[in-house]
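2 protein chains.
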Amino acid sequence: MTEATTRRRSRGGGGAARRAERTAVTIETAKYIERNIPNFEVLTEEALDIIEANAETILEEVGVNFVDNPAALDRWREAGANVTGERVRIPRGLAKKLCSTAPKQFTQHARNPEKSVVIGGKNMVLAPVYGPPFVRDVEGGRRYATMDDFQKFVKLGYMSKWLHHSGGTVCEPTDVPVNKRHLDMLLAHMTLSDKPFMGSVTEPSRAQDSVDMCEILFGKEFVQENTVMTSLININSPMTFDDVMMGAMEIYAKNNQACIVSPFIVGGAMAPVSVAGTLTQVMAECLAGIAYNQLCRPGAPVIMGAMVTSIDMNSGAPTFGTPEASHITYGAGQLARRLGLPFRSAGSFCGSKLPDAQAAYETANSLNMGLLSGVNFMLHSCGWLEGGLVADFEKFVMDADQLGTLHGLAKGVQMDEDAQAMDAIREVGPGGHYLGCEHTQKNFKSAFWKSDLLDYKPFETWEEEGARDTRTLATQRVEKLLTNYQQPALDPAIAQALADYVAAKKASMPDAFM
Amino acid sequence: MTEATTRRRSRGGGGAARRAERTAVTIETAKYIERNIPNFEVLTEEALDIIEANAETILEEVGVNFVDNPAALDRWREAGANVTGERVRIPRGLAKKLCSTAPKQFTQHARNPEKSVVIGGKNMVLAPVYGPPFVRDVEGGRRYATMDDFQKFVKLGYMSKWLHHSGGTVCEPTDVPVNKRHLDMLLAHMTLSDKPFMGSVTEPSRAQDSVDMCEILFGKEFVQENTVMTSLININSPMTFDDVMMGAMEIYAKNNQACIVSPFIVGGAMAPVSVAGTLTQVMAECLAGIAYNQLCRPGAPVIMGAMVTSIDMNSGAPTFGTPEASHITYGAGQLARRLGLPFRSAGSFCGSKLPDAQAAYETANSLNMGLLSGVNFMLHSCGWLEGGLVADFEKFVMDADQLGTLHGLAKGVQMDEDAQAMDAIREVGPGGHYLGCEHTQKNFKSAFWKSDLLDYKPFETWEEEGARDTRTLATQRVEKLLTNYQQPALDPAIAQALADYVAAKKASMPDAFM
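Protein chains in written order, with numbering that gives the first Met the number 0: chain X, 0 to 513; chain S, 0 to 513.
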């Protein structure tokens, strides 16, 4: 029995909690991916040297802005940076040195210890889409997201075998006041799933609420000694760190909770139109952001992020699954590995308005690139639609199914004697077939990855069954998963304490809708 | 002016031919891909050694069958193999030694010399789907393919910027007698397109017809001295070489025309259920087939093929875009490079019945894998549907558009001073934007790959314009391309000679429908 289970059982609840745990349905969740394949690298060492040197030049000569945050400016000044107004110029090598205290990898604990994840190294952890204000499904069309949608996505994430993480703002529950919705979102992740999750970043006080609720869920001491949240800190590219995001990051770092420090870049708009130029800026921004994170608490867990995409220069729309986005992601992975930090990038990115072929091409391009670029934490790995404006129910389960292919690819190739199959080749010989041979019978169940969604039926059967396309199959799968959903057991005392916390917080302030 | 142009102009036709050439519309065709990125390799050197050694063991101990082909058995006997009945056992090292006379790369000439392709090395040549008996489009649904469909696909291939090759049996024209359809197919490739193409392999006599027609198109001497066809020779896995395919290959090799020697394997049925076992069999089969090709004419151009996919053990259906198929393709690419031969694999593979999200996920998985595995000749690179049973019009243009992403990826990352964009980063600075800066203005047109098909519009515009999905956009693109199609100029004397040849051949034998 692991530490986390012991801890949970030792707290209140007693008979009722134990009964709840006994009757819970076991949901299969794959272990996070451990790569047994190499990374794909598009940049030479020389190119990486140039980009790193240029990033240092940017930090030294141009600098970055820390906005509305005098305390941050003080920290930078003390650390040896040159501060003029809100501009922070960082002497060559300083940011990299500060980054060196960050851990190469860390464990993010889930309340179900079997679902804790190790972020970094050769691992890849998959989390769902984050941030869309809209949702879409076949029946309801495109509409503003609600808390009911949010809860459904958390349930689908919990039921998805290849998803290791419950994520954060899987959609924006626009029917709940802005200043209170983080409470409901956290409560949903904590009670409807037992996978790891993300904290709120929209206000420093909401980050603090996230920490407080985790202390209820995991125990105060456990939270101070362990990482139980990985939260998304966006940089306002180019080279601007706003007080809201930095304020949230300060709270998380001080509490030893993980942050993804991540530029959000549409190339050509928030960064140069070239791959090398964008990578230079990404590197400079990440160095500055991660260095600041470590100034807040040396050794705090942190992930180097790069959410970068290309642009359609005609419409100004971001474009996804493009070769340039792939180049940037491959390059950013190489830079993160040189820095010795976990890397966040890629996702089920697409610009399509519907979960159609465009969506799937773009998404598959991005997912494959994410695996091969050495991503350690893939946010948005399922459900993303329309440039991230929409969380799509059908696409969520379609993408989540495809994540299985990444697990299979990452396994690499077995080369033991059984895998060499020489006896089978001898047994079957020229002109025979392998369907019935001993080797096939012994291995076929585990030999091939199999979709839980896609159609493999003969044409005639498929036609008789209604000639369903992928989206239709996905509609049916969403329905099935939600129908079969059973809430994972949680000590009722903890559940009550969380509900009480949320109720008290909500009562303590008037609703605000912006 | 290149050799091929000179040759064509010097033959008959005169004024009419020159006028035809002057009035022809120029269609943009991208140069074949020249990779500036590394290959992705999943197997260690040790693993490759094991597979090669095991393949030699198979050839030596188990052997391969050359069926109904006494001349082949004689050739093998003379070369030093042990022949018992139709079983050919090849002493260790012999097949590899015979393969060593094949060229590392070769040029396949097109009648338009600007569209000639170099197959091998770091290049990748893209050709359309091959072999489906059915076609599908939105309007007509799924139906048996006709010669009219065939001609439309050749026209679409001619109009597709990212497609370098016109292919071969883009669909089976089932309305033309089996013993005559190769003539119409070749005539279509020769007259409706000016890209390189494939010859017939369904009978040795049809291979000879292909050579004869090429001699009309290119000139007899030119054909004997140059490669003008690349044709597909399938191996009947496991380890069987039938007389029809071998007979066709003998004709092509003797005429210095290229063959793709390619096992067609559904893993678990025609090869062991494991990746390593399948690769071993692929290697043994290719070694034997290519060695035999070189026995027919040392130095004949040849491509090592691997058309391998996984199987759904429930239905027995082949499955596509799966991780195991990727492992095999990556591994086969490594084996081909060790052998020093051009490599054929991958394609727009999918099992889906419709050009929907399933089709696109599976296709994108396979296309990306094809590029990164070092494929030199990608047959089936667009238009494949339903496990290859169907050539789909919409999917043809959808896939052909995605092939653009492979061109972009293969370019690699520019690292010159302009690409480093330091001046742009200095100019814009923290909080600015790059849309108007000089660097962006100078580079935006070539900075990002742009789809000619997919939707990048704002949601509102997209909705006003009918909320079209990818398939609907593709229907419209097919129509537009076919409407705008203009036949490439061809010397009327050659066109007449080709038509006469076809008419005479057709008149020389009764129709046969099997």
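Note that beta-carbon positions come from the ideal geometry of N, C-alpha and C, so glycine has one too.
Contact between the region 353-373 of chain X and the region 402-413 of chain X is present: three or more C-beta pairs spanning the two stretches fall below 8 Å. Among the residues of chain X, none has a CB under 7 Å from the CB of tyrosine 129 of chain S; the nearest is roughly 20 Å distant. Per DSSP, the continuous beta strand (DSSP E) segment holding serine 344 of chain X begins and ends at 342-344.
Against chain X, the CB of glycine 430 of chain S has a partner CB under 8 Å away; the residue lies at that interface. Separation of glutamate 437 of chain S and methionine 158 of chain X (C-alpha to C-alpha, rounded to the nearest whole angstrom) is 50 Å. Less than 8 Å separates the beta-carbon of arginine 343 of chain X from that of isoleucine 302 of chain X. Linking leucine 155 of chain X to glutamine 485 of chain X through their CA atoms gives a straight-line distance of about 11 Å. Close to glutamate 40 of chain S, with beta-carbon spacing below 8 Å, are these residues of chain X in chain order: Pro37.
CA-to-CA, the gap between glycine 387 of chain X and valine 63 of chain S works out to about 55 Å. Of the candidates S:Asp67, S:Ser192, S:Ala466, S:Ala270, S:Ser192 places its Cα closest to the Cα of serine 115 of chain S. The continuous beta strand (DSSP E) containing tyrosine 143 of chain S extends over residues 140-143.
Within chain X, the residues whose beta carbon sits less than 9 Å from that of isoleucine 57 of chain S are Met421, Ile424, Arg425, listed in sequence order.
By the neighbour-count definition (other C-beta atoms within 10 Å, threshold 16), methionine 508 of chain X is an exposed residue.
Excluding its 5 nearest sequence neighbours in each direction, valine 82 of chain S has C-beta neighbours in its own chain below 6 Å: Leu72, Trp75, Arg76, listed in chain order.
One thing to note: methionine 189 of chain S has its Cβ no nearer than 8 Å to the Cβ of proline 172 of chain S.
Between alanine 257 of chain X and phenylalanine 105 of chain X, the C-beta gap is smaller than 8 Å, which places the two residues in contact. In this structure the region 242-254 of chain X does not lie against the region 270-282 of chain X, because fewer than three pairs of beta carbons, one per stretch, are closer than 8 Å.
Taking a contact to require three or more Cβ pairs closer than 8 Å, the region 375-387 of chain S and the region 52-71 of chain S do not qualify as touching.
Under DSSP, the beta-bridge partners assigned to threonine 318 of chain X are X:Ser309. At the C-beta level, alanine 287 of chain S and asparagine 35 of chain S stay beyond 8 Å of one another. For glycine 156 of chain X, the enclosing alpha helix (DSSP H) has its first and last residue at 146-158. Look at alanine 78 of chain X here: in three-state DSSP terms it is helix. Look at serine 199 of chain S here: in three-state DSSP terms it is coil, with no helix or strand label. For a cut-off of 8 Å, the C-beta gap from tyrosine 433 of chain X to alanine 268 of chain S is around 6 Å, short enough to register as a contact. Put simply, the backbone Cα of valine 222 of chain S is about 46 Å away from that of glutamate 45 of chain X. With the criterion set as a beta carbon lying under 8 Å from some beta carbon of chain X, the members of the region 259-271 of chain S are Gly266, Gly267, Ala268, Met269, Ala270, Pro271, in sequence order. When rounded, the separation of the alpha-carbon atoms in lysine 394 of chain S and tyrosine 129 of chain S is 14 Å.
Sequence-distant partners of histidine 108 of chain X (beyond 5 residues in either direction) whose C-beta falls short of 8 Å from its own C-beta, in its chain, are Ala3, Ser115, Pro195, Phe217, Phe221, Asn225, Thr226, Val227. Nearest CB-CB separation between phenylalanine 395 of chain S and chain X: not below the 8 Å threshold.
Membership of methionine 303 of chain S in the beta strand (DSSP E) is indicated by the continuous run 301-304.
The alpha-carbon of leucine 186 of chain X is positioned some 43 Å away from that of serine 309 of chain S. The residue from X:Ala473, X:Thr201, X:Ser236, X:Lys219 with its alpha-carbon nearest to that of serine 230 of chain X is X:Thr201. Distances from the CA of valine 265 of chain X to each of X:Asp391, X:Leu294, X:Asp311, X:Asp208 were compared; the closest alpha carbon is that of X:Asp311. Between the region 144-153 of chain X and the region 163-179 of chain X, the count of Cβ pairs shorter than 8 Å is three or higher; the stretches touch. Residue range 257-265 is occupied by the beta strand (DSSP E) that includes serine 261 of chain X. Across the structure, glutamine 475 of chain S and alanine 399 of chain S are spaced so that their CA atoms are roughly 15 Å apart.
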